[in-house]
Amino acid sequence: MCKFGLAMRKIFLLPLVIFTYSFGQVDYQNDIQTIFTANCTGCHGNSGGLSLTN
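Counting in full-length UniProt numbering, the sequence shown runs from 1 upward without gaps.
Structure representation (structure tokens):
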């Protein structure tokens, strides 16, 4: 691979890697379940047999 191609790859991949790691891990309890609770469980909760407590 030529030096120019390698340099361009580093220029574009480094910000992508930094951007990806800056957000951290997704947590089900804090990130996902709150969305389900706010938008879904009112109509699709225990009465329909759906349990999101685990």
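Heads up, the beta-carbon is just placed ideally off N, CA and C, and yes, glycines get one too. These numbers come from a predicted model, not from an experiment.
For residue i, the first and last residue of its enclosing alpha helix (DSSP H)
i: GLN33; result: 33-39
i: GLY5; result: 3-22
Nearest residue (CA-CA) to residue i, options the options
i: residue 138; options: SER22, PHE36 and TYR21; result: No answer is possible for residue 138: the residues shown for the chain start at 1 and end at 54.
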